[in-house]
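**Student:** Below are the structure tokens for one structure; questions will follow.
Chains as they are written, first to last, in my numbering: chain A, 1 to 281; chain B, 282 to 405.
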């Protein structure tokens with residue numbers, strides 16, 4: 001019993017650090033460890049991973065009293081799309097063949113991975129345009145973040161708001177319908193489509209994931225999918241890990257984060273494509 | 282650029298208020314979970330027969346009052362689940378203080394959608 005608690009605590013710290021740096025929540029790390037590593041029923045693994053997402057989100061937002069990386073306006077504006085999408089997705093269960101969603105999102109993620117690679121090669125993190133985007137200006141989405149690695153404030157502009165909003169809606173549908181953590185989609189929508197720098201993208205994604213997950217977590221909570229002996233030590237570990245992780249994230253050069261992020265996003269994308277094509281491993 | 286500056290300052294204030302309240306909320310739920318976990322590990326007993334887990338709110342509150350470890354742990358988890366909702370609520374207040382009516386409306390809409398999702402979840 002104490003052994004289980006200690007393992008979950010350690011897994012949590014690791015998942016919290018990784019999830020908060022990348023903005024992808026802990027589900028991707030937690031679910032395989034629980035199902036493959038510990039032989040836990042998938043129902044409890046999903047319950048635990050949704051708690052993991054919330055713990056990562058809340059842990060990384062309290063790391064600093066004043067988070068000067070995330071963009072609260074972008075988060076709240078896009079949250080309209082993800083939460084609505086999540087409801088639509090939940091209602092579409094059984095109506096829509098998930099196959100097409102897997103294919104669509106698999107393609108999008110692979111495209112996004114390629115795009116991130118190009119951004120990496122080009123070497124510039126911030127897009128500077130002469131003409132600011134009209135919708136972004138109207139919604140006051142353009143922002144500034146303090147980059148500790150470069151020790152300066154970086155102004156950035158947000159672009160393609162309708163495209164980002166649509167991808168977010170799709171991400172919501174996917175998470176409601178497929179029950180997959182949509183952190184990678186959120187980072188993709190902000191980074192690839194709205195041309196935001198990676199650090200604000202990943203920390204804004206962290207905030208948004210918590211809000212979206214809170215809705216579905218209540219369902220899992222009252223369904224009995226939460227095993228306190230597993231979820232509690234894990235959540236405590238994640239809270240600690242996320243606080244550490246978001247401090248690391250601020251001092252890491254954005255380039256390094258991108259280098260870690262690309263293989264992960266490609267991996268998730270390919271996995272979805274294979275699922276959509278009906279290939280199982 | 283001057284307008285940009287004002288927006289940044291506004292956000293700084295918003296985030297300080299939100300940060301403090303969120304810290305309190307998250308630390309509170311962590312403490313509740315930790316108390317439950319320590320009691321569970323020290324006594325080696327969940328407070329319930331077999332692998333039973335309390336999941337109705339009434340049961341959890343009564344169990345917490347009776348100092349049953351699993352009930353306290355579940356209460357902590359539930360508080361943790363509510364922290365992002367708390368964040369949305371506080372953001373509405375903060376945007377209101379900043380006289381940003383557009384974002385008061387946007388964030389209220391988010392809260393409303395969230396409540397609809399909760400409602401569908403509980404009844405569906």
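Even for Gly, the Cβ is constructed at its ideal location relative to N, Cα and C.
Computed from a prediction, not measured in an experiment: that's the story for all the values here.
Tell me, to the nearest whole angstrom, how far the beta carbon of residue 227 of chain A is from that of residue 55 of chain A; I am working on the premise that it is less than 8 Å.
**Tutor:** Start at 1 with the first residue of the first chain, and residue 227 of chain A comes out as number 227. Start at 1 with the first residue of the first chain, and residue 55 of chain A comes out as number 55. Not really, about 15 Å apart at Cβ, beyond 8 Å.
**Student:** Please report the residue range of the alpha helix (DSSP H) in which residue 206 of chain A lies.
**Tutor:** On the first chain, position 206 is the one that residue 206 of chain A refers to. Per DSSP, residue 206 of chain A belongs to the alpha helix (DSSP H) from 198 to 223.
**Student:** Listing by chain order, which chain B residues have their CB less than 7 Å from the CB of residue 73 of chain A?
**Tutor:** As a first step, residue 73 of chain A is located in the first chain; it is residue number 73 there, counting from the start. Within chain B, the residues near residue 73 of chain A are 384.
**Student:** So who's on the other strand from residue 143 of chain A, going by DSSP bridges?
**Tutor:** Walking along the first chain from the start, residue 143 of chain A turns up at place 143. Residue 143 of chain A is bridged to A:156.
**Student:** Please go through the same chain and pick out, in chain order, the residues whose beta-carbon is closer than 6 Å to the beta-carbon of residue 133 of chain A, but skip the five residues on each side of it.
**Tutor:** Within the first chain, residue 133 of chain A is the residue found at index 133, counting from 1. The answer, listed in chain order, is 159.
**Student:** Could you give the distance in angstroms between the alpha-carbon of residue 89 of chain A and the alpha-carbon of residue 221 of chain A?
**Tutor:** Along the first chain, one-based indexing puts residue 89 of chain A at 89. Along the first chain, one-based indexing puts residue 221 of chain A at 221. Distance between the alpha carbons of residue 89 of chain A and residue 221 of chain A is about 20 Å.
**Student:** Quick check on residue 91 of chain A: does DSSP put it in helix, strand or coil?
**Tutor:** By 1-based counting over the first chain, the position of residue 91 of chain A is 91. Three-state result, residue 91 of chain A: helix.
**Student:** Residues in the same chain with beta-carbon distance under 8 Å from residue 283 of chain B, minus the five sequence neighbours each way, listed in chain order, please.
**Tutor:** The count along the second chain starts at 1 and reaches residue 283 of chain B at position 2. Residue placement at residue 283 of chain B is flagged as unreliable, the pLDDT there being 45, under the threshold of 50; a coordinate-derived value is accordingly withheld.
**Student:** Could you work out which residue in B:354, B:395, B:333 is closest to residue 370 of chain B when comparing CA atoms only?
**Tutor:** The residue you call residue 370 of chain B lines up with position 89 of the second chain. That would be B:395, whose Cα lies nearest to the Cα of residue 370 of chain B.
**Student:** How would you label residue 150 of chain A, buried or exposed, when you count the other beta carbons within 10 angstroms and need 16 or more for buried?
**Tutor:** Counted from its first residue, the first chain places residue 150 of chain A at position 150. Residue 150 of chain A should be labelled exposed.
**Student:** By Cβ distance below 8 Å, which residues in the same chain neighbour residue 268 of chain A in space, the five residues on each side in sequence not counted?
**Tutor:** Position 268 of the first chain, counted from the start, is the residue given in the question as residue 268 of chain A. Excluding sequence neighbours, residue 268 of chain A sits near 28, 109, 184.
**Student:** Can you check which of these residues, A:147, A:45, A:34, is closest to residue 7 of chain A by C-alpha distance?
**Tutor:** As a working mapping, residue 7 of chain A is identified with position 7 in the first chain. Ranking A:147, A:45, A:34 by Cα distance to residue 7 of chain A puts A:34 first.
**Student:** Smallest Cα separation from residue 257 of chain A: which of A:187, A:215, A:36, A:59?
**Tutor:** Counted from its first residue, the first chain places residue 257 of chain A at position 257. It is A:187 whose Cα lies nearest to the Cα of residue 257 of chain A.
**Student:** For the pair the stretch 234 to 248 of chain A and the stretch 208 to 218 of chain A, tell me if three or more CB-CB distances fall below 8 Å.
**Tutor:** Cβ pair count under 8 Å is below three, so no.
**Student:** Are there 16 or more other CB atoms within 10 angstroms of the CB of residue 248 of chain A, so buried, or fewer, so exposed?
**Tutor:** On the first chain, position 248 is the one that residue 248 of chain A refers to. By the neighbour-count rule (16 or more Cβ atoms within 10 Å), residue 248 of chain A is not buried but exposed.
**Student:** Excluding the five sequence neighbours on either side, which residues of its own chain have a C-beta within less than 6 Å of the C-beta of residue 253 of chain A, listed in chain order?
**Tutor:** Start at 1 with the first residue of the first chain, and residue 253 of chain A comes out as number 253. Around residue 253 of chain A: 149.
**Student:** Under 8 Å, CB to CB, which of the residues in the stretch 351 to 368 of chain B have a partner in chain A?
**Tutor:** For the stretch 351 to 368 of chain B, which is checked against every Cβ of chain A, the residues closer than 8 Å are 351, 354, 355, 357, 358, 359, 361, 362, 363, 364, 365, 366, 368.
**Student:** Within 8 Å of any Cβ in chain B, is that where the Cβ of residue 245 of chain A sits?
**Tutor:** On the first chain, residue 245 of chain A is found 245 positions in, with the first residue counted as 1. No - not a single Cβ of chain B is within 8 Å of the one on residue 245 of chain A.
**Student:** CA-CA distance, residue 22 of chain A and residue 261 of chain A?
**Tutor:** The sequence position of residue 22 of chain A within the first chain is 22, counting from 1. The sequence position of residue 261 of chain A within the first chain is 261, counting from 1. Roughly 7 Å separates the two Cα atoms.
**Student:** Can we say the stretch 156 to 175 of chain A touches the stretch 140 to 147 of chain A, given the rule of at least three CB pairs closer than 8 Å?
**Tutor:** Judged by Cβ distances under 8 Å, the stretch 156 to 175 of chain A makes contact with the stretch 140 to 147 of chain A, as three or more pairs qualify.
**Student:** So with CB distances below 8 Å, who are the chain A contacts of residue 426 of chain B?
**Tutor:** With chain B represented from 282 up to 405, any question about residue 426 of chain B goes unanswered, as that position is not in the structure.
**Student:** Could you pull out every residue in the same chain whose Cβ sits closer than 8 Å to the Cβ of residue 39 of chain A, ignoring the five residues on either side in sequence?
**Tutor:** Here the question's residue 39 of chain A lines up with position 39 in the first chain. Excluding positions up to five away in sequence, the list is empty.
**Student:** Within the continuous alpha helix (DSSP H) that includes residue 351 of chain B, where are the two ends?
**Tutor:** As a working mapping, residue 351 of chain B is identified with position 70 in the second chain. That run of the alpha helix (DSSP H) goes 350 to 378.
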